[in-house]
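Chemist: Please read through the structure below; I'll follow up with questions.
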């Protein structure tokens, strides 16, 4: 059985606990026999996707964020298991009748992205700032098709505040949404908002021919995007940043740690800049809060690096095992990873906080901005705060997710 535990911001009932009070202690809100694949969080709504393709939702329903119908159906109260006029849904309910099976989901501020088993991409919610269906469709309470790539598997769905990037198995990338800071298309001449699906390119980068670069992973902040890419022919890896500015000097600090080449591009007139990654660096994770980047990597000389660990704010790491975690960017609310006494297996981030689990997958910890309880009862803001420990021998933490000041831990028993 999979048990979903949560804490944090709950002003619209988005934790699914039956009320609208913020919670500082992880509390169970959902359970399933099917594995939890993804928990996607908007500003005030939450989507849970299961391995069997079922979808559950709760939270703000003002724009029908947790209630939709298929486009070819007439809206009625009988089509969903709850009344669609309710402003907020305080417990998780299954969305739809189960006839559509989903395999990916994502959520922005007030919208949701879904991908079904046939690689059809849907959207619903408030589209005024994120687009998706054209500039004449600013809101939809129905499950509306954005596009379909029938013979090209979707392998990654990336969503930020008002932008979406979808990666296909063929290497094709589709994007739309807020591009005001060049965070999607860099220097390409495009509107500030991409209202419809648009082909994504690195045309403003002088690295081989168009199509030579393959995205391994991307990390979307509030107004920037980082891309970890590899050249298909040379296997050289690059880190690319797209943004109008880098006032927090994130790219430069990353380059000093993992960069082989200097940064290419002038921030004063170029919205796409990049550097070559050192050959001895293996990136395991690249995640972004709204205003900080967090990277987990290992090197061929990790042991030497660990023995000479520098514990200042920008160079903290997990110095017990081969995986190193470092953070760069805004630290006003202690978003920078503070280091930890035990090996960290993996981590996720929310808008301005992070969650990590130990290598034995028995303990979960949090750091960052925890005003709403999403980091638990924080005793020391400069240290990781323990959120959960699996007391039973057959329990372990299967997955974790971070949202808009919300924390989600999935425990398998």
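In the numbering used here, the protein residues as written are 81 to 493.
All C-beta atoms in this analysis are idealised placements derived from N, C-alpha and C, irrespective of residue type, glycine included.
All of these numbers come straight from a predicted model, not from anything done at the bench.
Are three or more beta carbon pairs between the region 235–246 and the region 284–291 nearer than 8 Å?
Modeler: Judged by Cβ distances under 8 Å, the region 235–246 makes no contact with the region 284–291, as fewer than three pairs qualify.
Chemist: Please name the residue in 355, 120, 213 whose C-alpha comes closest to that of residue 274.
Modeler: For the purposes of this step, residue 274 is taken as the residue at position 194 of the chain shown. The shortest Cα separation from residue 274 among 355, 120, 213 belongs to 213.
Chemist: Determine the contact status of residue 256 and residue 277, defining contact as a CB-CB distance below 7 Å.
Modeler: If you number the chain shown from 1, residue 256 lands on position 176. If you number the chain shown from 1, residue 277 lands on position 197. Closer than 7 Å, so yes.
Chemist: Can you give, in chain order, each stretch of the beta strand (DSSP E) that sits fully within the region 295–343 and has at least 3 residues?
Modeler: 305–311, 317–322
Chemist: Counting C-beta neighbours from all protein chains within 10 Å, is the total for residue 389 16 or more, i.e. buried, or is it exposed?
Modeler: Here residue 389 refers to the residue found at position 309 of the chain shown. Annotation note: pLDDT 40 at residue 389 (below 50); position unreliable, coordinate value reported separately. So residue 389 counts as exposed.
Chemist: Measuring only the C-alpha atoms, how far is residue 110 from residue 85?
Modeler: Counted from its first residue, the chain shown places residue 110 at position 30. Counted from its first residue, the chain shown places residue 85 at position 5. Looking at the two C-alpha atoms, the distance is approximately 7 Å.
Chemist: Can you check whether the CB of residue 169 is closer than 7 Å to the CB of residue 143?
Modeler: Along the chain shown, read from residue 1 onward, the residue named residue 143 stands at position 63. Along the chain shown, read from residue 1 onward, the residue named residue 169 stands at position 89. Not a contact, by the Cβ cut-off of 7 Å.
Chemist: Does DSSP classify residue 397 as helix, strand or coil?
Modeler: Stepping through the chain shown from its first residue, residue 397 is reached at position 317. Any reading at residue 397 must be qualified, since the residue scores a pLDDT of 44, below 50, and its modelled position is unreliable; no value is offered.
Chemist: Could you tell me the alpha carbon to alpha carbon distance between residue 97 and residue 424, rounded to whole angstroms?
Modeler: The sequence position of residue 97 within the chain shown is 17, counting from 1. The sequence position of residue 424 within the chain shown is 344, counting from 1. Cα to Cα, the separation comes out at about 29 Å.
Chemist: For residue 191, which of helix, strand or coil comes out of DSSP?
Modeler: Taking the chain shown and counting its residues from 1, one reaches residue 191 at position 111. Of the three classes helix, strand and coil, the one that applies to residue 191 here is strand, per DSSP.
Chemist: Indicate the three-state DSSP secondary structure (helix, strand or coil) for residue 82 in the structure shown.
Modeler: Taking the first residue of the chain shown as 1, we reach residue 82 at position 2. Looking at residue 82 - three-state DSSP - the assignment turns out to be strand.
Chemist: Would you report the Cα separation of residue 381 and residue 211, rounded to the nearest angstrom?
Modeler: If you number the chain shown from 1, residue 381 lands on position 301. If you number the chain shown from 1, residue 211 lands on position 131. Distance between the alpha carbons of residue 381 and residue 211 is about 46 Å.
Chemist: At the level of alpha carbons, what is the spacing between residue 309 and residue 359?
Modeler: Position 229 of the chain shown, counted from the first residue, corresponds to residue 309. Position 279 of the chain shown, counted from the first residue, corresponds to residue 359. Near 13 Å, if we compare the C-alpha coordinates of residue 359 and residue 309.
Chemist: Please say whether residue 95 and residue 114 have beta carbons closer to each other than 7 Å?
Modeler: Residue 114 sits at position 34 when you count from the first residue of the chain shown. Residue 95 sits at position 15 when you count from the first residue of the chain shown. Residue 114 is not a Cβ neighbour of residue 95, given a cutoff of 7 Å.
Chemist: Let me know the secondary structure DSSP gives residue 126 once reduced to three states.
Modeler: In the chain shown, residue 126 corresponds to position 46, counting from 1. Note: residue 126 maps to strand in three-state DSSP.
Chemist: In angstroms, rounded to a whole number, what distance separates the CA positions of residue 188 and residue 179?
Modeler: Translated into the one-based positions of the chain shown, residue 188 becomes position 108. Translated into the one-based positions of the chain shown, residue 179 becomes position 99. Using only the alpha carbons, I get a separation of about 25 Å.
Chemist: Could you check the C-alpha separation between residue 203 and residue 126 for me, to the nearest Å?
Modeler: Here residue 203 refers to the residue found at position 123 of the chain shown. Here residue 126 refers to the residue found at position 46 of the chain shown. Cα to Cα, the separation comes out at about 15 Å.
Chemist: Could you check where the beta strand (DSSP E) with residue 271 kicks off and where it finishes?
Modeler: Here residue 271 refers to the residue found at position 191 when the chain shown is read from its first residue. Looking at the DSSP string, residue 271 is not in any beta strand (DSSP E), and its letter there is neither H nor E.
Chemist: In angstroms, rounded to a whole number, what distance separates the CA positions of residue 492 and residue 475?
Modeler: Here the question's residue 492 lines up with position 412 in the chain shown. Here the question's residue 475 lines up with position 395 in the chain shown. Computed Cα separation, rounded: 6 Å.
Chemist: Would you say residue 207 and residue 175 are within 7 Å of each other, going by their C-beta atoms?
Modeler: The count along the chain shown starts at 1 and reaches residue 207 at position 127. The count along the chain shown starts at 1 and reaches residue 175 at position 95. No, the pair does not count as a contact, with Cβ atoms beyond the cut-off.
Chemist: Does the count of Cβ pairs from the region 322–336 and the region 243–252 closer than 8 Å reach three?
Modeler: no
Chemist: Residues in its own chain within less than 6 Å of residue 426 by CB, not counting five upstream and five downstream?
Modeler: Walking along the chain shown from the start, residue 426 turns up at place 346. Contacts found: none.
Chemist: If distances are taken between C-alpha atoms only, which option among 485, 469, 417 comes closest to residue 91?
Modeler: Taking the chain shown and counting its residues from 1, the one referred to as residue 91 is at position 11. Of 485, 469, 417, the residue nearest in Cα terms is 485.
Chemist: According to the Cβ coordinates, are residue 414 and residue 448 closer than 7 Å?
Modeler: Stepping through the chain shown from its first residue, residue 414 is reached at position 334. Stepping through the chain shown from its first residue, residue 448 is reached at position 368. Closer than 7 Å, so yes.
Chemist: What number of angstroms, rounded off, separates the C-alpha of residue 112 from the C-alpha of residue 83?
Modeler: In the chain shown, residue 112 corresponds to position 32, counting from 1. In the chain shown, residue 83 corresponds to position 3, counting from 1. Taking the Cα positions, residue 112 is about 7 Å away from residue 83.
Chemist: What are the residues that DSSP puts in a beta bridge with residue 140?
Modeler: Along the chain shown, read from residue 1 onward, the residue named residue 140 stands at position 60. Partner(s): 168.
Chemist: In the DSSP output, which residue or residues are listed as bridge partners for residue 278?
Modeler: Position 198 of the chain shown holds residue 278. Answer by DSSP bridge pairing, in chain order: 255.
Chemist: Under 7 Å Cβ to Cβ from residue 104, same chain only, skipping five residues before and after it: list those, please.
Modeler: Counting from one through the chain shown, the residue named residue 104 turns up at place 24. Closer than 7 Å at the Cβ level, and outside the excluded window around residue 104, lie 87, 453, 456, 457.
Chemist: Just the Cα atoms here: how many angstroms apart are residue 121 and residue 465?
Modeler: The residue labelled residue 121 in the question sits at position 41 within the chain shown. The residue labelled residue 465 in the question sits at position 385 within the chain shown. Between residue 121 and residue 465, the C-alpha separation is close to 22 Å.
Chemist: Do you know offhand how far residue 173's Cα is from residue 137's?
Modeler: Counting from 1 along the chain shown, the entry for residue 173 is found at position 93. Counting from 1 along the chain shown, the entry for residue 137 is found at position 57. Their backbone Cα atoms lie some 6 Å apart in a straight line.
Chemist: Grab the span of the beta strand (DSSP E) containing residue 108 for me, first residue to last.
Modeler: Walking along the chain shown from the start, residue 108 turns up at place 28. That run of the beta strand (DSSP E) goes 103–112.
Chemist: With a threshold of 8 Å on Cβ separation, who are the neighbours of residue 371 within its own chain once the five nearest residues in sequence on each side are excluded?
Modeler: One-based indexing of the chain shown puts residue 371 at position 291. Around residue 371: 301, 302, 328, 409, 410, 415, 432.
Chemist: Please report the Cβ distance between residue 419 and residue 482, rounded to the nearest whole angstrom; I am assuming they are in contact, meaning their Cβ atoms lie under 8 Å.
Modeler: Residue mapping note: residue 419 aligns to position 339 of the chain shown, counting from 1. Residue mapping note: residue 482 aligns to position 402 of the chain shown, counting from 1. Not really, about 19 Å apart at Cβ, beyond 8 Å.
Chemist: Take residue 346 as the anchor and find which of 338, 450, 412, 322 has the nearest alpha-carbon.
Modeler: Residue 346 sits at position 266 when you count from the first residue of the chain shown. Among 338, 450, 412, 322, the Cα nearest to that of residue 346 is on 322.
Chemist: Please state whether DSSP places residue 173 in a helix, a strand or coil.
Modeler: Position 93 of the chain shown holds residue 173. Strand at residue 173.
Chemist: Can you give me the C-alpha to C-alpha distance between residue 377 and residue 295, rounded to a whole angstrom?
Modeler: The residue you call residue 377 lines up with position 297 of the chain shown. The residue you call residue 295 lines up with position 215 of the chain shown. Taking the straight line from one Cα to the other gives about 17 Å.
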